[in-house]
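A.B. asks:
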Amino acid sequence: MSRWSSANRAERRSGNNARPCSDPATASIGFTDGKAAGSASPLTWAQAQELRLIASLGTGHNVDTPAITTARYVTHGPPGALPVTITTPAQGATLAVSSTTVTGTTTPGASVTIEPADVTTGAPPAVTSVTAGADGSFSATVPVGFGSNVITVTATAAGGRKTGYGQVTVTNEGGGSTVPDVSDPAGDDNGPGTYQYPTAANFHAGALDLTRFQVLSDGTYTYLRATLANLDPTFGVTDGAQLLDVYVHVPGMPATSTAAAFVSRNYTISASGAWSQRIEVQGFAAPAWVDASGNTVGAPFVLASQSDRTITIALPEAQFGTPASGWGFSVALTGQDGFSPDQARGFTKTAGSFTFGVCAPGGTAPVCSAGPATVPKAVDVITPPGVSQATELDPTLGPVVIQPVTVP
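So in the numbering used here, the last one in the sequence shown is 411, and the numbering has no gaps at all.
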């Protein structure tokens, strides 16, 4: 029975005198008692499996496989393999430039495509195509972005019927012209001269010992690089122990601050280093890049390299600016603690399993009498010429003020 007739009868039973729905003879579909109402849908691929089997048996050939698939994989067979060898760069190579020359060998005359993918920044890859020479060699210079780059080389020959590929991963640590390059004494990762590392085995000697700080510019990025005495992984992360803050002074900026990232860090920045940008990096949270008002400036890229014990921060110069004479950098390194409100590891009188000690047991220096909650959370800093770290970070001599290193 059609839906029209059912609805019509329903209206009559209800005593509704309104005009019934459209006459099926003139409706867009039209309904006839006992006939299909237009609600059937085509069978899906899975539901039609039995029909395809019947059709295959009836015609004497397989109708299940599209002709293009049969032609590609049955008639012509699977694609052949081409040998691809990448000679340079070597797997795991570390670079300090924004390009590298890829060389290798494959079948003579093969079309070669080289695609470096920057997995750190996610920048779109630049694809380079060359043709292998008569001896099968190929060479091309390709760009590499900051951080980890996967370089894939693909070779194709015989009209696409033969293919092959090779792949290497390289790391670009960034480079360019050095602005300031400051050395820091080894073994001064003790704040005012008395701090002790936590006693748990997770913490490695030298993990908070800055030995060098560099600022480099390549015209596109500025790189802030801190070298440490030790960068063995902590809690499973290469830079898991470190909390690094860089306060950047740019001459002439209208809005600046001398505050630390948190008041509870117990230090401030010198007026000569009043900052308009602050960058903070650690191993267990996204880096922060803010202006003096706390507004986000951008998203820096960070690379922690255990092999050369460096933490490198890449900042696009379109947002950061290009360091020049008069710029200042105040650098403070302390321990990271994600459970602490200010992300910095706390202090106790003497070192605990997971707290720094203000002094060793039995220490008699004046700072040993300071309250653990009042000492500066700065285990090592970069100081300008003529400034003693032990004096700068001693809270018994007055408020702790960190001085910048400046670009001449």
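Note that the Cβ used here is the ideal one computed from N, Cα and C, for glycine as well. As the structure is a computational prediction, the values presented were derived from the model and not from experiment.
Please state the DSSP three-state secondary structure of Phe350.
C.D. replies: It is a strand residue.
A.B. asks: Between the alpha carbons of Asp340 and Leu227, how many angstroms are there, rounded?
C.D. replies: Taking the straight line from one Cα to the other gives about 22 Å.
A.B. asks: Beta carbon of Ala295, beta carbon of Val410: below 8 Å?
C.D. replies: Going by C-beta atoms, Ala295 is not nearer than 8 Å to Val410.
A.B. asks: Would you be able to state if there are at least three C-beta pairs under 8 Å between the stretch 302 to 315 and the stretch 159 to 167?
C.D. replies: Touching, no.
A.B. asks: With a cut-off of 8 Å on the beta carbons, I'd call Thr131 and Ala143 a contact; round off their distance for me.
C.D. replies: So it is a contact: roughly 5 Å between Cβ atoms.
A.B. asks: Among the candidates Gly95, Leu306 and Tyr198, whose CA atom is the shortest distance from the CA of Gly365?
C.D. replies: The option with the nearest alpha carbon to Gly365 is Tyr198.
A.B. asks: Can you find the residues in the same chain that come closer than 8 Å, C-beta to C-beta, to Leu219, ignoring five residues on each side of it along the sequence?
C.D. replies: Result list for Leu219: Gly177, Gly178, Gly179, Ser180, Thr181, Val182, Thr225, Tyr226 and Arg228, in chain order.
A.B. asks: Taking the beta strand (DSSP E) that Ser186 belongs to, which residues open and close that run?
C.D. replies: It spans Ser180 to Ser186 - the beta strand (DSSP E) in which Ser186 sits, taken as one unbroken run.
A.B. asks: Is the stretch 199 to 219 touching the stretch 370 to 379, taking contact as three or more C-beta pairs under 8 Å?
C.D. replies: With a cut-off of 8 Å, the stretch 370 to 379 and the stretch 199 to 219 do not count as touching, because too few Cβ pairs lie within range.
A.B. asks: Count the other CB atoms, across all protein chains shown, that sit within 10 Å of the CB of Val251; report buried if there are 16 or more and exposed otherwise.
C.D. replies: Its Cβ being crowded by 16 or more others within 10 Å, Val251 is buried.
A.B. asks: Can you round the beta-carbon distance between Ala210 and Asn233 to whole angstroms, since I take them to be within the 8 Å contact cut?
C.D. replies: The pair is a contact, with the Cβ atoms about 5 Å apart (cut-off 8 Å).
A.B. asks: Considering just the uninterrupted stretch of the alpha helix (DSSP H) at Ala58, what are its terminal residues?
C.D. replies: Counting along the chain, the alpha helix (DSSP H) containing Ala58 begins and ends at Gln52 to Thr62.
A.B. asks: Are the beta-carbon atoms belonging to Thr110 and Thr90 less than 8 Å from one another?
C.D. replies: No; because the gap between Cβ atoms is not below 8 Å, this pair is not in contact.
A.B. asks: Find out if the Cβ-Cβ distance for the pair Pro375, Thr351 is shorter than 8 Å.
C.D. replies: Yes, Cβ-Cβ distance for Pro375 and Thr351 is below 8 Å.
A.B. asks: Would Pro92 pass as a contact of Thr108 if the rule is Cβ separation under 8 Å?
C.D. replies: No. Outside cutoff.
A.B. asks: Kindly confirm or deny that the stretch 380 to 398 and the stretch 298 to 307 touch, where touching means at least three C-beta pairs closer than 8 Å.
C.D. replies: Judged by Cβ distances under 8 Å, the stretch 380 to 398 makes no contact with the stretch 298 to 307, as fewer than three pairs qualify.
A.B. asks: How about Lys380 and Asn269: do their beta carbons lie closer than 8 Å?
C.D. replies: Yes, these two residues count as a Cβ contact at 8 Å.
A.B. asks: Specify the secondary structure class of Ser308 as computed by DSSP and reduced to three states.
C.D. replies: In this structure, Ser308 counts as strand in the three-state DSSP scheme.
A.B. asks: Taking the beta carbon of Ser273 as the centre, do at least 16 other beta carbons fall within 10 Å, making it buried, or is it exposed?
C.D. replies: When all chains shown are included, Ser273 counts as buried.
A.B. asks: Less than 8 Å between the CB atoms is what I'm expecting for Gly286 and Val334, so what's the real figure, rounded?
C.D. replies: Wrong, their Cβ atoms sit about 17 Å apart, outside the cutoff.
A.B. asks: For Leu54, count the other beta carbons within 10 Å of its own beta carbon; 16 or more makes it buried, fewer makes it exposed. Which is it?
C.D. replies: The residue in question, Leu54, is exposed, as its Cβ has fewer than 16 Cβ neighbours within 10 Å.
A.B. asks: Would you call the CB atoms of Val122 and Val171 closer than 8 Å?
C.D. replies: It is not a contact, given that the beta carbons lie outside the stated cut-off.
A.B. asks: Between Thr394 and Pro201, which are expected to be in contact by the criterion C-beta below 8 Å, what is the C-beta distance as a whole number of angstroms?
C.D. replies: Actually they are not in contact, since the Cβ atoms of Thr394 and Pro201 sit about 25 Å apart, beyond 8 Å.
A.B. asks: According to DSSP, is Ile71 helix, strand or coil?
C.D. replies: In the structure shown, Ile71 sits in a helix (DSSP, three-state: H, G or I).
A.B. asks: Leaving aside the five residues before and after Thr337 along the sequence, list all residues of the same chain whose C-beta is less than 6 Å from its C-beta, in chain order.
C.D. replies: Around Thr337: Leu246, Ala347, Lys380, Ala381 and Val382.
A.B. asks: Counting only the same chain and skipping the five closest in sequence on each side, list residues whose C-beta sits under 6 Å from that of Pro402.
C.D. replies: Same-chain partners within the cutoff: there are none.
A.B. asks: Which residues bound the beta strand (DSSP E) around Thr174?
C.D. replies: Lys165 to Asn175 is the span of the beta strand (DSSP E), which, as asked, contains Thr174.
A.B. asks: Counting along the chain, where does the beta strand (DSSP E) carrying Gln217 start and finish?
C.D. replies: Its beta strand (DSSP E) spans residues Leu213 to Ser220.
A.B. asks: When the distance is taken between beta carbons, is Asp191 closer than 8 Å to Asp212?
C.D. replies: Yes. Within cutoff.
A.B. asks: Within the continuous beta strand (DSSP E) that includes Ala160, where are the two ends?
C.D. replies: Where Ala160 is concerned, the enclosing beta strand (DSSP E) stretches over Gly150 to Ala160.
A.B. asks: Please classify Ser267: does DSSP put it in a helix, a strand, or coil?
C.D. replies: Three-state DSSP puts Ser267 in a helix.
A.B. asks: Quick check: what's the CA-CA separation for Thr230 versus Ala302?
C.D. replies: Using only the alpha carbons, I get a separation of about 22 Å.
A.B. asks: Suppose you measure from the CA of Ala277 to the CA of Val185; what does that come to, to the nearest Å?
C.D. replies: Whole-angstrom Cα-Cα distance: 20 Å.
A.B. asks: Classify Ile71: buried if its beta carbon has 16 or more other beta carbons within 10 angstroms, exposed otherwise.
C.D. replies: Flag for Ile71 reads exposed.
A.B. asks: Do Pro146 and Pro119 come within 8 Å of each other at the CB atom, strictly closer than that value?
C.D. replies: Against a cut-off of 8 Å, the Cβ pair of Pro146 and Pro119 comes out as a contact.
A.B. asks: Applying the 10 Å Cβ sphere with the 16-neighbour rule, what's the burial state of Pro407?
C.D. replies: Buried.
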